[in-house]
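The sequence shown maps to residues 595 to 856 in this note's numbering. In this text, a Cβ means the ideal position worked out from N, Cα and C, and glycines have one as well. Note that this is a predicted model, so its numbers are computed, not measured. For reference, the structure discussed in these notes is given below.
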Amino acid sequence: MTDIIFSKSATYDPVSLGDNTSTHSQSSENQDLEDLPFTPIPKRKWKRTLLGGIISAVLGCLAIVGAFDIFHRVGSIASQRQHTQSPCYCGHSSAEARSLDCEYIPMASAWLPPHCRDTYLETEFDKLGPNPDSTWTYYADYARTTPIAISTISEFAGSTTRFYNEWQWHVMHCMFYWRKLHRAQFSGVVIEPRFNTDAHIGHCTRLILSMNTTSTTVSGVGLGSDKWTREELEDPANWRDVRDGYGNQPPKGYLNDMVMNT
Numbered sequence: 595m596t597d598i599i600f601s602k603s604a605t606y607d608p609v610s611l612g613d614n615t616s617t618h619s620q621s622s623e624n625q626d627l628e629d630l631p632f633t634p635i636p637k638r639k640w641k642r643t644l645l646g647g648i649i650s651a652v653l654g655c656l657a658i659v660g661a662f663d664i665f666h667r668v669g670s671i672a673s674q675r676q677h678t679q680s681p682c683y684c685g686h687s688s689a690e691a692r693s694l695d696c697e698y699i700p701m702a703s704a705w706l707p708p709h710c711r712d713t714y715l716e717t718e719f720d721k722l723g724p725n726p727d728s729t730w731t732y733y734a735d736y737a738r739t740t741p742i743a744i745s746t747i748s749e750f751a752g753s754t755t756r757f758y759n760e761w762q763w764h765v766m767h768c769m770f771y772w773r774k775l776h777r778a779q780f781s782g783v784v785i786e787p788r789f790n791t792d793a794h795i796g797h798c799t800r801l802i803l804s805m806n807t808t809s810t811t812v813s814g815v816g817l818g819s820d821k822w823t824r825e826e827l828e829d830p831a832n833w834r835d836v837r838d839g840y841g842n843q844p845p846k847g848y849l850n851d852m853v854m855n856t
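Following this line, the structure appears as structure tokens:
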């Protein structure tokens, strides 16, 4: 075993502190930071921030819901006003009917709004006439000598002026309204009160069974503004119609006041 002998005269250089100065400084700073007291966010302030965010979100949702509700109520009020008057209301004149987005429908001999129309049936009806081009002829006189344009007929709305048809036209009108009544179950189309009655079906039945194929029928132009009480709807005797087919003599009081070229 070898003994290691340290000389008393040996001298040693002092350890240099140059490289450790920054480390010591950083350690001191870190220790100083660690020694700083920790100040947490007060619970009340945190709760207030969270509560404020929740309130803002709720108010935003309420504002959106409120806007939708206002639009819904405005539309509902407008719809209720219209349906309180009549489910197929088109005003009291052709001009008012146009302003209400109504259109004159020959099959109905009336102005109707979109939700009361079955466009499929209307198109088919207009192409089933006896003319070479499959149209119908409408007349200004009972003798059916003066043809009249549909655009002219549409302006009769709101007046007592009548137009005239052959028996076949009116039979087809009845049949197509029976189809419209049936299709309304799944089409969602509203049937105007004028034709949505047992009495109208009775009228059509009498017209068809009369087999008075050479007769002239009389029609007026409706605006969907007719109203019926429950009692009137349930009692066919209350229905009065001049279009059952009267042969060669029109019913008294139902000839037009306009001058006819007969």
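Identify which residue in the options has its Cα closest to the Cα of residue i.
| i | options | result |
| --- | --- | --- |
| E716 | F757, S688, H686 and Y771 | Y771 |
| T791 | S804, C768, T746 and P726 | C768 |
| Y732 | G647, H764 and I785 | H764 |
| R773 | I795, W761 and S804 | I795 |
| L803 | I785, H709, W761 and I699 | W761 |
| H686 | S753, Q779 and M805 | S753 |
| A778 | Y683, Y714 and W730 | Y714 |
Thinking C-beta only, is residue j closer than 8 Å to residue i?
| i | j | result |
| --- | --- | --- |
| A751 | V815 | yes |
| P707 | D695 | yes |
| D712 | S781 | yes |
| T807 | Y758 | no |
| L817 | A702 | no |
| E718 | W705 | no |
Identify, in the order they occur along the chain, each residue of the same chain with its Cβ nearer than 7 Å to the Cβ of residue i, setting aside the five sequence neighbours on each side.
| i | result |
| --- | --- |
| E749 | S688 |
| L722 | S728 and M766 |
| I699 | L706, R711 and E716 |
| Y840 | The predicted model places Y840 with a pLDDT of 42, which falls under 50 and marks its position as unreliable; any figure quoted below should be read in that light. Same-chain partners within the cutoff: S809. |
| V784 | P681, C682, H709 and C710 |
| N725 | T731 |
If I follow the unbroken beta strand (DSSP E) through residue i, where does it start and stop?
| i | result |
| --- | --- |
| I699 | E697 to I699 |
| A704 | A704 to L706 |
| N759 | F757 to E760 |
Any idea what DSSP makes of residue i, helix, strand or coil?
| i | result |
| --- | --- |
| V537 | No answer is possible for residue 537: it lies beyond the span of the chain, which begins at 595 and ends at 856. |
| I747 | helix |
| Y771 | helix |
| F780 | helix |
| G752 | coil |
| I742 | strand |
| G685 | coil |
| G647 | helix |
| A672 | For A672, the pLDDT reaches just 43, beneath the cut-off of 50, and the residue's location in the model is therefore unreliable, although a value from the coordinates is still provided. Reduced to three states, the DSSP call for A672 is helix. |
In chain order, what residues of the same chain have a beta carbon less than 6 Å from the beta carbon of residue i, not counting five sequence neighbours either side?
| i | result |
| --- | --- |
| A734 | T740 and I742 |
| T746 | none |
| I648 | none |
| F789 | Y771 |
Just reading off the alpha helix (DSSP H) that residue i is part of, what are its end residues?
| i | result |
| --- | --- |
| Y714 | T713 to D720 |
| T811 | Note, T811: premise wrong, no alpha helix (DSSP H); beta strand (DSSP E) at T810 to S813. |
| E690 | S688 to S693 |
| T799 | D792 to S804 |
Please go through the same chain and pick out, in chain order, the residues whose beta-carbon is closer than 8 Å to the beta-carbon of residue i, but skip the five residues on each side of it.
| i | result |
| --- | --- |
| S693 | G685 |
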